[in-house]
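Worksheet for the structure shown next.
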Amino acid sequence: MYTVQEVANNAHITVKTLHHYHKIGLLIPEQTTEAGYRLYGRKDLERLQQILFYKELDFPLKEIKQLLDGKVDWEKTLMSQKQLLLQKITRFNRLVETINVSIDSAEKGVELEMEKMFKGFETEQEWEQALQEQNEYLKNEYDVDLSDEFHRNMLEQQQIGYAYYLNKAAVCYLSNHQ
């Protein structure tokens, strides 16, 4: 059994986060001592790992709870999450490449071709395509839909944020290297 502090430290989250997860019924510790201390078992740690994976994929806590409260095929879920994370890594690598090309172009005083300026921002179509298989599985198994308006807006906001970040990063880099 593990204390709240041990779990928080090892999972790189705060004790307050664990308390919140308990409060909303997302992660209920295996035991609570007479003194009120929460103690977590192995199954709790596995559930927390799933919560953190889904959070990394930008799932809202309410949907994570719905997913985890259903019968979950642990191995299949991990494989799906791995695929989504690998696709995210690929996308981030393309965005970093776009930053590098933008910096290089700005340093040389060369106008960047429009196609190169926006490489990596094809996210909405690519992301929806990448999520399609996962979405179908989640719809069938847990009645959770990732293609709703909320998730579309989330993807759009991510794109705007990435574009803003790329612009600011290039400007900052140039101001420090001129």
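Letter by letter, the sequence shown follows residues 22 to 199 in my numbering. Think of the CB as a built atom: it goes at the ideal place given N, C-alpha and C, for glycine as much as any other residue.
(1) Rounded to whole angstroms, how far is the Cβ of Leu48 from the Cβ of Asp65, which I believe are closer than 8 Å?
(2) Between the stretch 68 to 84 and the stretch 101 to 113, are three or more C-beta pairs nearer than 8 Å?
(3) Just grab the DSSP bridge partners of Gln102 for me.
(4) Write down every uninterrupted run of the alpha helix (DSSP H) in the stretch 29 to 58 whose length is 4 residues or greater and which is fully enclosed by it, in chain order.
(5) Going by C-alpha distance, which of Gln87, Tyr61, Ser123 is nearest Ile18?
(6) Go ahead and pull the three-state DSSP assignment for Leu60.
(7) CB Leu116 to CB Glu77, shorter than 8 Å?
(8) Could you pull out every residue in the same chain whose Cβ sits closer than 8 Å to the Cβ of Thr35, ignoring the five residues on either side in sequence?
(9) In whole angstroms, what separates the C-alpha of Val131 from that of Ile124?
Reading it off the structure:
(1) With a Cβ gap of about 6 Å, Leu48 and Asp65 count as contacting.
(2) Yes, since at least three Cβ pairs between the stretch 68 to 84 and the stretch 101 to 113 fall closer than 8 Å, the two stretches touch.
(3) Looking at the DSSP output, Gln102 shares a beta bridge with no other residue.
(4) DSSP runs (the alpha helix (DSSP H)) wholly in the stretch 29 to 58: 36 to 44.
(5) In this structure the chain extends from 22 to 199, so residue 18 is not present and cannot be described.
(6) Three-state DSSP puts Leu60 in a strand.
(7) Cβ distance not < 8 Å, so Leu116 and Glu77 don't count as in contact.
(8) Take Thr35, set aside five residues on each side of it, and the residues of its chain with a beta-carbon closer than 8 Å to its own are Ala29, in chain order.
(9) Computed Cα separation, rounded: 10 Å.
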